[in-house]
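Asker:
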Amino acid sequence: MLFLLLAVSVLGDGVKEDEGCPALRDDQLVRVRLDPEEDVLRRPFHAEFQPFYATTDWESPERFLVGYTVEVGNPLHLSAHPPSPEGCGERSRARDTAAPIASCRRVAVSAGFFDTRTGRCYGHLVSGGRVVQTAEPWRFNAHFGLFRNGSIFVGYVRPEEVREWPFKELVGGVLWLIKDGRSFFDQSIRLECGKTQETGSLREFAEVKSARVILGHDERGQVKIIVVEGKTRKFGATLKDMEILAISQGLVNAVNLDGGGSAALLLNSTLLNLPTDSW
Numbered sequence: 001m002l003f004l005l006l007a008v009s010v011l012g013d014g015v016k017e018d019e020g021c022p023a024l025r026d027d028q029l030v031r032v033r034l035d036p037e038e039d040v041l042r043r044p045f046h047a048e049f050q051p052f053y054a055t056t057d058w059e060s061p062e063r064f065l066v067g068y069t070v071e072v073g074n075p076l077h078l079s080a081h082p083p084s085p086e087g088c089g090e091r092s093r094a095r096d097t098a099a100p101i102a103s104c105r106r107v108a109v110s111a112g113f114f115d116t117r118t119g120r121c122y123g124h125l126v127s128g129g130r131v132v133q134t135a136e137p138w139r140f141n142a143h144f145g146l147f148r149n150g151s152i153f154v155g156y157v158r159p160e161e162v163r164e165w166p167f168k169e170l171v172g173g174v175l176w177l178i179k180d181g182r183s184f185f186d187q188s189i190r191l192e193c194g195k196t197q198e199t200g201s202l203r204e205f206a207e208v209k210s211a212r213v214i215l216g217h218d219e220r221g222q223v224k225i226i227v228v229e230g231k232t233r234k235f236g237a238t239l240k241d242m243e244i245l246a247i248s249q250g251l252v253n254a255v256n257l258d259g260g261g262s263a264a265l266l267l268n269s270t271l272l273n274l275p276t277d278s279w
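Number 259 in the UniProt record's numbering belongs to position 259 of the sequence shown; there are no gaps in the numbering.
1) Between the C-alpha atoms of residue 195 and residue 126, what's the straight-line distance to the nearest angstrom?
2) Where residue 169 and residue 223 are concerned, what is the direct C-alpha to C-alpha distance, given to the nearest angstrom?
3) Are the CB atoms of residue 246 and residue 152 nearer to each other than 8 angstroms?
4) Distance, Cα to Cα, residue 272 vs residue 213?
5) Nearest to residue 56 by alpha carbon, out of 228, 161, 266?
6) Roughly how many whole angstroms lie between the Cα atoms of residue 35 and residue 118?
7) Please tell me whether residue 172 and residue 124 are closer than 8 angstroms, where the distance is taken between their beta carbons.
8) Whole angstroms are fine: how far does the CA of residue 39 sit from the CA of residue 211?
9) Round the Cβ separation of residue 109 and residue 225 to the nearest angstrom and send it over; I've been treating them as touching at under 8 angstroms.
10) Whole angstroms are fine: how far does the CA of residue 66 sit from the CA of residue 54?
11) I need the DSSP call for residue 143, collapsed to helix, strand or coil.
12) Can you look up residue 266 in the DSSP assignment and give me helix, strand or coil?
13) Could you pull the start and end residues of the beta strand (DSSP E) that residue 160 belongs to?
14) Give me the Cα-Cα distance between residue 257 and residue 27, rounded to the nearest whole angstrom.
15) Give the straight-line distance between the Cα atoms of residue 134 and residue 159, rounded to the nearest whole angstrom.
16) Report yes if the CB atom of residue 129 is closer than 8 angstroms to the CB atom of residue 148, and no otherwise.
17) Which same chain residues end up closer than 8 angstroms to residue 232 when comparing Cβ atoms and leaving out the 5 residues on each side of it in sequence?
18) Note down the Cα distance separating residue 143 from residue 63, rounded to an integer number of angstroms.
19) Could you give the distance in angstroms between the alpha-carbon of residue 251 and the alpha-carbon of residue 116?
20) Would you tell me roughly how many angstroms separate the C-alpha atoms of residue 161 and residue 49, rounded to the nearest one?
21) Contact check, residue 156 vs residue 29 under 8 angstroms by CB: the rounded distance?
22) Can you give me the start and stop residues for the alpha helix (DSSP H) that residue 79 sits inside?
23) I need the boundaries of the beta strand (DSSP E) containing residue 218, first residue and last residue.
24) Classify residue 183 as helix, strand or coil using the three-state DSSP reduction.
25) Please classify residue 145 as buried or exposed, where buried requires at least 16 other C-beta atoms within 10 Å of its C-beta.
26) Can you give the Cα-Cα distance for residue 174 and residue 203, rounded to whole angstroms?
27) Give a yes or no on whether 8 angstroms exceeds the smallest Cβ distance from residue 148 to chain B.
28) Indicate the three-state DSSP secondary structure (helix, strand or coil) for residue 272 in the structure shown.
29) Can you find the residues in the same chain that come closer than 8 angstroms, C-beta to C-beta, to residue 37, ignoring five residues on each side of it along the sequence?
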């Protein structure tokens, strides 16, 4: 089972619209829905780990990237979990959140963005069919989700749609890197809310070197995660790097999840990468 873990707390009441975020029109609410092939949905859980040492620029030796690719395959094994059964009510490390639910063959990765000052989480979150929270109406960012019938959802979604549609799992990111096999990088920078991350402008956030986590699927509906080691502004990957890596891995839709110092990838509660928040 793949767990997508959040280290967050609940949103407060009475949040006012943030004028720094664009108001999306109906025609800008881009979303993709894909029905995985039947043999993909019948597969038992199996996570295939592949460490890599790669580059997106052979002329710059310092641009080499180190990380992991995790191929999960069957999206029905995707599960989003808040830090506690009550929801996003406390700060938590991915390792601590995974410990009570992890057993053999379990994979966990940090997922949703959060306010590093207060711990409150950003974005919509659905876990096991339960709507844990919906985001503020003005906070539009890319989401990756799963419907109860196994269909994959990628894109922008309103709070009322989260409550009305048959989501089984849903987690938010910042920036939709690949849409239908092509770059959606520049379009998503124009469309999305920059207040969901704390690095700077969305352009700066995308171009800075850092640890990165992306979640996506291939044309058959197989789920894949790519995690790159890094430390913000020191070394790691830009989101353009991640887009190139994702396309090279055969992903046709991919969303950027929370990376930076809190990026964490675990197998059976054992941390595989090196989060840099404690450096």
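We put the beta carbon where it would ideally sit given N, CA and C, even for glycine. Keep in mind it's a predicted model, so treat the numbers as computed, not measured.
Answerer: This is what the structure holds:
1) Residue 195 sits at position 195 when you count from the first residue of the sequence shown. Residue 126 sits at position 126 when you count from the first residue of the sequence shown. If I take the Cα positions, the gap works out to 21 angstroms.
2) Stepping through the sequence shown from its first residue, residue 169 is reached at position 169. Stepping through the sequence shown from its first residue, residue 223 is reached at position 223. Roughly 13 angstroms separates the two Cα atoms.
3) As a first step, residue 246 is located in the sequence shown; it is residue number 246 there, counting from the start. As a first step, residue 152 is located in the sequence shown; it is residue number 152 there, counting from the start. No, the pair does not count as a contact, with Cβ atoms beyond the cut-off.
4) Within the sequence shown, the letter at position 272 stands for residue 272. Within the sequence shown, the letter at position 213 stands for residue 213. Going from the Cα of residue 272 to the Cα of residue 213 covers about 13 angstroms.
5) As a working note, residue 56 is residue 56 in the sequence shown. Ranking the options by Cα distance to residue 56, first place goes to 228.
6) On the sequence shown, position 35 is the one that residue 35 refers to. On the sequence shown, position 118 is the one that residue 118 refers to. Approximately 38 angstroms, taken between the alpha carbons.
7) Counting from one through the sequence shown, the residue named residue 172 turns up at place 172. Counting from one through the sequence shown, the residue named residue 124 turns up at place 124. In this structure, residue 124 lies closer than 8 angstroms to residue 172 by Cβ.
8) By one-based count along the sequence shown, residue 211 stands at place 211. By one-based count along the sequence shown, residue 39 stands at place 39. The straight-line gap from Cα to Cα measures roughly 34 angstroms.
9) The sequence position of residue 109 within the sequence shown is 109, counting from 1. The sequence position of residue 225 within the sequence shown is 225, counting from 1. That pair is a contact at about 6 angstroms.
10) What you label residue 54 is simply residue 54 of the sequence shown in a count that begins at 1. What you label residue 66 is simply residue 66 of the sequence shown in a count that begins at 1. Roughly 7 angstroms between the two C-alpha positions.
11) Locating residue 143 in the sequence shown gives position 143, where the first residue counts as 1. Residue state, collapsed to three classes: strand.
12) Position 266 of the sequence shown, counted from the first residue, corresponds to residue 266. Strand.
13) Mapped onto the sequence shown, residue 160 falls at position 160. Per DSSP, residue 160 belongs to no beta strand (DSSP E); it is in the alpha helix (DSSP H), 159 to 164.
14) One-based indexing of the sequence shown puts residue 257 at position 257. One-based indexing of the sequence shown puts residue 27 at position 27. Computed Cα separation, rounded: 24 angstroms.
15) Translated into positions along the sequence shown, residue 134 becomes position 134. Translated into positions along the sequence shown, residue 159 becomes position 159. Between residue 134 and residue 159, the C-alpha separation is close to 5 angstroms.
16) On the sequence shown, residue 129 is found 129 positions in, with the first residue counted as 1. On the sequence shown, residue 148 is found 148 positions in, with the first residue counted as 1. Yes. Within cutoff.
17) Taking the sequence shown and counting its residues from 1, the one referred to as residue 232 is at position 232. For residue 232, where only same-chain residues beyond five positions count, the Cβ hits under 8 angstroms are 199, 208, 209, 210, 211, 260, 261, 276.
18) Here residue 143 refers to the residue found at position 143 of the sequence shown. Here residue 63 refers to the residue found at position 63 of the sequence shown. In a straight line, the C-alpha of residue 143 is about 28 angstroms away from that of residue 63.
19) Translated into the one-based positions of the sequence shown, residue 251 becomes position 251. Translated into the one-based positions of the sequence shown, residue 116 becomes position 116. Residue 251 and residue 116: Cα-Cα distance of roughly 30 angstroms.
20) Locating residue 161 in the sequence shown gives position 161, counting from the first residue. Locating residue 49 in the sequence shown gives position 49, counting from the first residue. Whole-angstrom Cα-Cα distance: 34 angstroms.
21) On the sequence shown, position 156 is the one that residue 156 refers to. On the sequence shown, position 29 is the one that residue 29 refers to. That belief holds up - the Cβ atoms of residue 156 and residue 29 are roughly 5 angstroms apart, short of 8 angstroms.
22) For the purposes of this step, residue 79 is taken as the residue at position 79 of the sequence shown. Element bounds for residue 79: not the alpha helix (DSSP H) but the beta strand (DSSP E), 78 to 81.
23) Indexing the sequence shown from 1 puts residue 218 at position 218. Unbroken beta strand (DSSP E) run through residue 218: 212 to 218.
24) As a position in the sequence shown, residue 183 is number 183, starting the count at 1. DSSP places residue 183 in strand when its eight states are reduced to three.
25) In the sequence shown, residue 145 corresponds to position 145, counting from 1. Buried, since its Cβ has 16 or more Cβ neighbours within 10 Å.
26) The count along the sequence shown starts at 1 and reaches residue 174 at position 174. The count along the sequence shown starts at 1 and reaches residue 203 at position 203. Distance between the alpha carbons of residue 174 and residue 203 is about 12 angstroms.
27) Structure shown: chain B not included; a single protein chain is present.
28) On the sequence shown, position 272 is the one that residue 272 refers to. Correct three-state label for residue 272: coil.
29) If you number the sequence shown from 1, residue 37 lands on position 37. 220, 221, listed in sequence order.
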